[in-house]
Structures are given as structure tokens and as C-alpha cells.
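*Asks:*
See the structure below:
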């Protein structure tokens with residue numbers, strides 16, 4: 001960044017966004033630490049977990065829950081805290097921070113849309129599906145997704161009024177709704193969303209562009225990796241697979257060209273190892289192992305998210321807070337499930353430590 | 001890079017323009033006569049207003065940069081408020097320096113009769129320029145100081161909320177930053193020290 005841009009960012013960021021940046025840093029201080037996780041792993045029952053969490057930032061949200069506790073209630077209370085924090089920040093945000101915060105939630109919106117459409121296909125009750133939706137990604141008229149019979153209806157009736165409308169393109173709206181096409185739809189929407197988000201943060205520029213650009217390119221590469229892994233052996237053609245990869249990231253374009261033709265895990269691994277940052281990640285994975293890949297990718301993501309807090313005067317800290325909280329909720333869910341099912345020896349496998 | 005090019009261009013246009021005027025045989029003496037006859041009271045008023053104005057802009061800028069972060073961070077950690085008021089006080093001191101120097105400068109301004117052709121005597125002209133210079137130095141130095149203290153103060157508030165042992169260390173950085181304002185004040189007072197409208201030449 002040039003000297004002028006740097007200085008004006010430091011001098012002018014706090015006009016609109018200084019208060020909320022300080023607030024989100026306060027929220028981040030309340031994330032569970034390694035000591036907290038160790039204490040949670042010692043708990044024998046869900047009641048103990050609830051008791052321990054009442055002493056952390058989750059206190060007000062867990063205090064009024066009656067026993068007996070279930071894992072779902074625990075996770076719901078924790079999610080309610082994230083939603084309350086996010087709502088506070090979104091309501092107090094100026095522009096372009098408000099738009100940035102909205103962009104962070106579009107990924108959840110896409111997941112909710114796919115959840116409801118898939119659930120309707122399997123003839124589930126709409127209310128039950130709405131309860132399972134991610135609250136950060138809700139929009140009005142989400143319930144009417146259950147009415148749509150094909151993608152054109154989906155778009156025309158519901159999605160055209162949502163922020164997801166520009167991510168639908170002509171070739172997407174002529175498909176019927178079945179299992180395969182829904183997954184392709186999810187990934188096409190997500191690719192368009194990532195491209196859009198990336199161009200938005202580079203438009204905002206400055207430290208936000210640099211920090212978020214890095215995190216989004218890791219997300220794009222991670223998605224490309226997962227799409228490739230999940231589509232080995234399916235009927236997805238190589239061209240279709242290529243079209244689902246985002247248009248940026250360390251793997252763009254040559255790594256993605258090679259990933260598109262990869263047929264098994266070892267080929268994928270050799271492609272990823274050509275890229276130095278991912279070589280470091282893959283070297284932690286033993287030969288022929290693919291189960292630990294998810295956990296290692298989560299650890300890498302958490303490492304990058306924590307690094308965003310090293311810099312001041314940018315929006316990356318908000319995205320990082322949302323992701324770190326979600327990771328923490330996943331950890332709590334894992335611990336609660338292990339405790340509820342009496343499998344405490346497996347508890348360390350699923351936790352990604354943040355601090 | 002672009003800023004560098006623009007800056008060089010801005011500096012070089014004036015001599016080139018004067019060279020052009022010389023070559024075109026424009027009467028440069030008249031231009032100098034015009035400049036010489038701007039009243040020293042104009043220059044001294046300008047100097048005093050720059051002194052207070054820029055110092056206050058610097059202090060205000062610094063206070064809002066620190067204040068917004070401090071208020072947000074104090075929601076979670078209310079204990080940081082009392083210690084971090086020091087950052088606000090450093091910024092406020094910058095405005096006070098500006099006011100003090102302005103008061104010193106304005107005591108130098110005295111009424112003096114101009115010569116027949118409208119120009120002022122040497123002492124008055126010198127005093128006018130000196131007060132302009134002193135006021136500008138103090139003003140610009142305080143602007144930079146206020147900004148610098150403000151940004152460091154904002155980081156100090158956020159770090160103090162995270163880890164209370166950090167505050168004293170960052171305070172040292174802030175103390176160095178606030179010394180910049182003092183430099184401006186010292187040079188301003190030295191420059192204006194010899195300024196006197198009624199000195200006998």
C-alpha cells in the first residue's frame with residue numbers, strides 16, 4: 001500500500017468503525033482457551049459442561065436452561081450468543097462495513113437454501129427444516145422455498161429478491177431439482193459468492209483487501225480441494241468440476257487445471273504439494289491418510305484467523321470472529337457428544353484449539 | 001510513487017514559471033513589490049490562526065481516534081478506562097501547546113506606522129514573517145503529534161483490554177510521540193523570541 005493510503009486508513013478508520021472494532025476484539029477475548037477446553041474434557045456429564053460454560057461468556061444464554069440438557073440445546077444456546085453479537089454489530093455498522101458483514105453471511109444463506117430444498121425433496125416438514133437452518137443466514141420468505149418445484153421456480157419465486165440473486169446464472173436455472181443437481185447448484189452459488197466477495201474486499205482495498213484476500217483465497221483453495229475429493233468417482237465431468245472452482249486463490253489457474261483431472265487422493269496430494277503453503281499442511285498428513293485432512297485444514301484456518309487480530313483498522317477481524325465462534329461451537333458440540341455417548345477417549349481427536 | 005512525482009512537479013513549477021515570466025520580459029519587480037507590501041499584520045494573523053487551528057485539529061483528531069477504540073474496548077474491560085485517559089490527556093496537551101504559543105505570539109503584535117509608499121519598516125516586516133513561521137511550525141508539529149498520539153493511544157486501549165501488562169510499555173511509545181509537539185513549541189518560541197514590531201534598526 002502506498003504511504004498515503006496507509007496513513008489515511010490509520011487516521012480515518014476509527015471515524016465509522018473504531019467502536020465496533022474494539023467491541024469485536026472484546027468478544028474475541030471471551031473465546032474459550034486451551035485451559036477451558038481441557039476443563040471441559042474433564043467433565044463427566046452434560047450438566048457439568050453447562051455449569052462450566054455458565055462461567056464463561058455463554059453464561060447469560062445458558063443460565064435459564066432447564067435440566068436435563070441435550071447436546072442440541074447446548075449448541076443452540078451457544079449459537080444464540082453468536083447471533084446476538086452479530087446482530088449488535090450489524091445494527092451499529094456504517095457503510096461499507098454493513099455490506100461487508102452481510103457478505104460474511106451469504107455463505108450461510110446458501111447453505112440454508114440448499115438445506116430446505118433438499119429437505120423438501122425428502123418430504124420433511126418445513127418447520128423442522130427451518131429450525132435447523134443457520135440463524136445468521138436467514139432471510140424473509142425462506143419458508144416459501146419449500147413450494148418450488150424446479151430451479152426456475154426457486155429463482156423466480158424466492159431467490160430473486162434475496163442477495164443471492166446475482167449468483168444465479170442462466171445455465172443454472174434450467175435444471176430440475178435432484179440430489180446431484182442440488183450439490184452442483186450449491187457449489188456454483190458458492191463459487192459466484194466467493195468471486196463476488198473477493199472483488200468486494202479488493203474494492204474496499206487497504207489492509208482489509210490484503211487480509212481478507214488471503215483468507216478468501218485459502219477458502220477458495222479449500223473448496224476446490226473438497227469438491228475434487230467429493231467428486232472422484234461420481235458422474236461429474238472434468239469440465240463441470242473445473243467450473244465449480246473459484247476464479248482466484250493460490251491454485252488458480254494452473255493448480256485448478258491439474259486438480260480437475262485428478263482421479264484419486266495421491267494425485268490430488270501431489271498437485272497440492274506443488275504449492276508451498278499447502279505442502280507444509282500436507283506434510284503433517286501421513287501417507288495414504290485422508291481422514292485427518294479436515295482437521296488439519298481447520299487448524300490452518302484457525303491459525304490464519306487468529307493472525308488477523310495482529311493488525312488494526314481492517315474488517316477482517318469481524319469475519320475472523322464469526323469463524324472462530326463457529327469453530328468453538330463445533331468443538332463444544334464434539335465434546336458434548338463424546339460426553340453424552342461416553343466416548344471420552346476420542347475427545348481430543350475432534351477439537352481444534354484456538355488459543 | 002505517484003505522490004513523489006506529483007510533489008516534485010509541484011515544487012518545480014514555480015521556478016519554471018518565473019523563468020518563463022523573465023523570458024517573456026514580464027516586470028518581475030512589480031510582482032516582488034506586491035509581495036513585499038502585504039502587511040506584516042496579515043502574516044502575523046495568519047501565523048497565529050495556523051498555530052491554534054492546526055493544533056486543535058491535531059488534538060481533536062487524536063482524541064476521536066483513541067476515544068472510539070477506548071469506549072468500545074471498555075464495554076468488556078471497564079478497568080481500562082482510568083488508565084487510558086492518559087492518552088486522551090496527551091492529545092489534549094497538544095491543543096494547549098497551540099493556545100499557549102498563540103498567546104505568546106499575539107503579545108508581540110504592536111501598532112506601527114507604515115512608510116509613505118505603504119511598505120513597512122524592516123523590524124515590522126521581520127516580525128510579521130517570524131510570527132508566521134513560529135505559528136506554522138507549532139501548528140504543523142502539533143497536528144502530526146496529535147495524530148500520532150491518537151493512533152498509538154487506540155492501540156494501547158485495545159492491547160490493555162487484552163493484557164494489562166502491555167499498557168505501560170505502549171505508554172513509553174506515546175510519550176515519545178507527544179515529545180513531537182514540544183519540539184514545535186520550543187522552535188516556535190525561539191523564532192518569535194526576537195520578533196518585535198517596534199525594534200529600532
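Chains as they are written, first to last, in the UniProt record's numbering: chain A, 1 to 355; chain B, 1 to 201.
Yeah, the Cβ is synthetic: ideal placement off N, Cα and C, and Gly gets one too.
(1) Can you pull the chain B neighbours of residue 10(A), defined as C-beta to C-beta under 7 Å?
(2) Can you tell me where the alpha helix (DSSP H) holding residue 70(A) begins and where it ends?
(3) Run the CB neighbour count on residue 343(A), radius 10 Å, all protein chains shown included, and call it buried at 16 or more, exposed below.
(4) Among the residues of its own chain, which have a CB less than 6 Å from the CB of residue 100(A), if the five just before and after it don't count?
(5) Under DSSP, the alpha helix (DSSP H) around residue 253(A) begins and ends at which residues?
(6) Mind checking if residue 136(B) is an interface residue toward chain A, Cβ cutoff 8 Å exclusive?
(7) From this set, 37(B), 85(B), 161(B), which residue's C-alpha is nearest residue 128(B)'s C-alpha?
(8) Please compile the residues from chain A whose C-beta is within a distance smaller than 9 Å of the C-beta of residue 61(B).
(9) Taking the alpha-carbon of residue 120(A) as reference, which of 245(A), 95(A), 107(A), 147(A) has the nearest alpha-carbon?
(10) With distance defined between alpha-carbon atoms, name the residue in 133(B), 23(B), 138(B), 179(B) nearest to residue 148(B).
(11) Could you tell me whether the Cβ atoms of residue 154(B) and residue 14(A) are closer together than 8 Å?
(12) Which same chain residues, not among the five before or five after residue 81(B), have their C-beta less than 6 Å away from its C-beta?
(13) Who are the neighbours of residue 94(B) on chain A, taking C-beta pairs under 9 Å?
(14) Please list the residues of the stretch 77-91 of chain B that have a C-beta atom closer than 8 Å to any C-beta atom in chain A, keeping them in chain order.
(15) Along the chain, where does the alpha helix (DSSP H) containing residue 183(B) start, and where does it finish?
(16) Please list the partners that residue 312(A) has in chain B, where partner means a Cβ-to-Cβ separation under 8 Å.
(17) Let me know the alpha helix (DSSP H) ranges lying completely inside the stretch 83-164 of chain A, each 4 residues or longer, listed in chain order.
(18) In the DSSP assignment, find the unbroken alpha helix (DSSP H) run with residue 17(B) in it and report its ends.
(19) Closer than 8 Å, CB to CB, is residue 2(A) near chain B or not?
(20) Look at the Cβ atom of residue 10(A), then the Cβ atom of residue 151(B), and state whether they are nearer than 8 Å.
(21) For residue 14(A), decide whether its Cβ has a neighbour in chain B, counting only Cβ atoms nearer than 8 Å.
(22) Cutting at 7 Å between CB atoms, please list the residues of its own chain near residue 177(B), excluding the five before and the five after it.
(23) What residues from chain B crowd round residue 23(A), counting only those whose CB sits closer than 7 Å?
(24) Let me check understanding here. Comparing Cα to Cα, which of 209(A), 265(A), 82(A) lies closest to residue 286(A)?
(25) Please list, in chain order, the chain A residues whose beta carbon lies closer than 9 Å to that of residue 16(B).
(26) Grab me the residues of residue 83(A)'s own chain with a C-beta within less than 8 Å of its C-beta, minus the 5 sequence neighbours each way, in chain order.
(27) At a Cβ threshold of 8 Å, is residue 164(B) touching chain A?
(28) Excluding the five sequence neighbours on either side, which residues of its own chain have a C-beta within less than 7 Å of the C-beta of residue 174(B), listed in chain order?
(29) Looking at the unbroken alpha helix (DSSP H) that takes in residue 34(B), where does it start and where does it end?
(30) Who are the neighbours of residue 19(A) on chain B, taking C-beta pairs under 8 Å?
(31) Beta-carbon separation of residue 63(A) and residue 54(A) under 8 Å?
(32) Taking three-plus beta-carbon pairs below 8 Å as touching, is the stretch 121-140 of chain B in contact with the stretch 44-64 of chain B?
(33) Is residue 295(A) helix, strand or coil by DSSP?
(34) Got a sec: is the Cβ-Cβ distance from residue 143(B) to anything in chain A below 8 Å?
(35) As a quick exercise: from 304(A), 258(A), 253(A), pick the residue whose alpha carbon is nearest that of residue 277(A).
(36) Hey, is residue 64(B)'s beta-carbon within less than 8 Å of any beta-carbon in chain A?
*Replies:* Short version:
(1) Residues of chain B passing the Cβ test: 151.
(2) Bounds of any alpha helix (DSSP H) do not take in residue 70(A), whose DSSP letter is neither H nor E.
(3) Its Cβ having fewer than 16 others within 10 Å, residue 343(A) is exposed.
(4) Around residue 100(A): 315.
(5) Counting along the chain, residue 253(A) falls outside any alpha helix (DSSP H), and DSSP gives it neither H nor E.
(6) Taking Cβ atoms only, chain A never reaches closer than 8 Å to residue 136(B), which makes this a no.
(7) Cα-wise, what sits closest to residue 128(B) is 37(B).
(8) For residue 61(B), the chain A residues whose C-beta falls within less than 9 Å of its own C-beta are 11, listed in chain order.
(9) Checking every option, the nearest Cα to that of residue 120(A) belongs to 147(A).
(10) The shortest Cα separation from residue 148(B) among 133(B), 23(B), 138(B), 179(B) belongs to 179(B).
(11) The Cβ-Cβ distance between residue 154(B) and residue 14(A) falls below 8 Å.
(12) Result list for residue 81(B): 74, in chain order.
(13) Going along chain A, no residue has its Cβ under 9 Å from residue 94(B), so there is no contact; the nearest lies around 15 Å.
(14) Cβ contacts with chain A: 77.
(15) Per DSSP, residue 183(B) belongs to the alpha helix (DSSP H) from 166-193.
(16) Under the 8 Å cutoff, chain B gives 154, 155, 158.
(17) Positions of the alpha helix (DSSP H) runs, each at least 4 residues long and wholly inside the stretch 83-164 of chain A, are given as 97-121, 126-132 in order along the chain.
(18) Element bounds for residue 17(B): 2-23.
(19) Under the 8 Å criterion on CB atoms, residue 2(A) is classed as interfacial with respect to chain B.
(20) In contact: residue 10(A) and residue 151(B) (Cβ atoms closer than 8 Å).
(21) It does; some Cβ of chain B falls within 8 Å.
(22) Answer for residue 177(B): 145, 148, 149, 152, listed in chain order.
(23) Among the residues of chain B, those whose CB is under 7 Å from the CB of residue 23(A) are 72, 75, following chain order.
(24) When only C-alpha atoms are compared, the closest one is 265(A).
(25) Chain A residues near residue 16(B): none, gap ~25 Å exceeds 9 Å.
(26) 135, 136, listed in sequence order.
(27) So no, residue 164(B) is outside the interface.
(28) Excluding residues within five positions, the ones whose Cβ falls inside 7 Å are 87, 90, 149, 152, 153, 156.
(29) DSSP places residue 34(B) in the uninterrupted alpha helix (DSSP H) bounded by 28-36.
(30) Chain B residues near residue 19(A): 68, 69, 71, 72.
(31) If you check the CB distance, residue 63(A) and residue 54(A) come in under 8 Å.
(32) They touch, by the three-pair rule.
(33) Assignment of residue 295(A) by DSSP, reduced to helix, strand and coil, places it in the helix class.
(34) At a cut-off of 8 Å, the C-beta of residue 143(B) has no neighbouring C-beta in chain A.
(35) Cα-wise, what sits closest to residue 277(A) is 304(A).
(36) Yes, contact with chain A.
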